[in-house]
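Undergrad: Just so it is clear: in the sequence shown, position 125 is 125 by UniProt numbering, and no numbers are missing. Note that the Cβ used here is the ideal one computed from N, Cα and C, for glycine as well.
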Amino acid sequence: MSDLDLKPLHDVLYKLLNQLDEFCRANNIEYWIDAGTLLGYKRHGKIIPWDDDIDICMKRADYEKFITTYKGREGYELVTFDNNDKYKKINIPCKLMYTHSRVKETYDIEHNVTDVSFGIFLDIFPYDKYSNNYVVRRSQRLLSMLYKCKYASFTSMPSMLKKIMGTIGRILPIPLLYWAKNQQLRVMSFSNNGVYSAGIETPFHRAIFEEDEIFPLKEVDFNGFMVFAPNNIDVYLEKMFDKDYMSLPHESNRVCHIESYEILSRQ
């Protein structure tokens, strides 16, 4: 478990979540807490004590509306691959950041991404609707492999596979990836798709959810904040993790993914 005191960082994360929640409610945008954040709610009633971010999901249409309309208070900035040329995490398409802070992420240090310093953040992911047919669904996910290659091109990775992926990624122009994504989304919009999972550009494919396992969303008390969560939290977490998700991991596996952080000012 990390020796970092994460309490001040968690306080900022709750403020970021409150900012996002206020904006989404005011603009009729649906979101829900996801992954480790949802697990934190279920197991601890708050952020997992050793966690360092918050995970948020939105349906594709809500996600697109959010990233094109979001306006927050001073100190809160939406960062995407489109609006910030220093942001290289194409595998995490959007972050809401507190700009009066700095974070050094372990992954960046391990992969020699040292020229960028961003603030404490929420990760925001689109969710797309996929085919019920496994083979068709796999084909719908092929684009994510190209995004994975593009991300590899921004990092220094030792394995031969990652080097090959990085080489492929370097010759892939970003406009081509975006064009392919938009074309595939257009085709999928006419298909009889019935299950949800992480967006087609997201390299990791965490789980497949039936519509009624996510919707309608329900409000939950997350450390004193009312936020939205999937309809069937237990099934959602079991699919994302396993049946034993309520058990605490061994102390050696209670991993924080940042090396250090600094809060420059508070609001």
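Which partner residues does L122 have in the DSSP bridge list?
TA: Paired residue(s): I54 and L96.
Undergrad: Is M226 buried or exposed, if buried means 16 or more other CB atoms sit within 10 Å of its CB?
TA: The residue in question, M226, is exposed, as its Cβ has fewer than 16 Cβ neighbours within 10 Å.
Undergrad: Here's the rule I'm using: 16 or more other beta-carbon atoms within 10 Å means buried, otherwise exposed. How should K202 be labelled?
TA: The question names Lys, but residue 202 is Thr in the sequence shown. T202 should be labelled buried.
Undergrad: Quick one: grab the DSSP three-state call for A207.
TA: It is coil, neither helix nor strand.
Undergrad: Using a Cβ-Cβ cut-off of 6 Å (strictly less than) and excluding sequence neighbours within five positions of I56, which residues of its own chain qualify?
TA: Contacts found: Y31, L122 and I124.
Undergrad: According to DSSP, is S252 helix, strand or coil?
TA: Helix.
Undergrad: Would you identify the three-state DSSP class for D115, choosing helix, strand or coil?
TA: Caution is warranted here: a pLDDT of 49 is assigned to D115, below 50, making its placement in the model unreliable, and the coordinate value is therefore given only provisionally. Coil.
Undergrad: Within 10 angstroms of the Cβ of residue 319, are there 16 or more other Cβ atoms? Answer buried if so, exposed if not.
TA: Only positions 1 to 267 of the chain appear in the structure, and residue 319 is not among them; the question remains open.
Undergrad: Do three or more CB pairs link the region 52-71 to the region 11-30 at distances below 8 Å?
TA: Yes, the region 52-71 touches the region 11-30.
Undergrad: Can you tell me whether DSSP reads M246 as helix, strand or coil?
TA: Looking at M246 - three-state DSSP - the assignment turns out to be coil, as it is neither helix nor strand.
Undergrad: Nearest-angstrom Cα distance between K46 and S189?
TA: Going by the C-alpha atoms only, they are around 36 Å apart.
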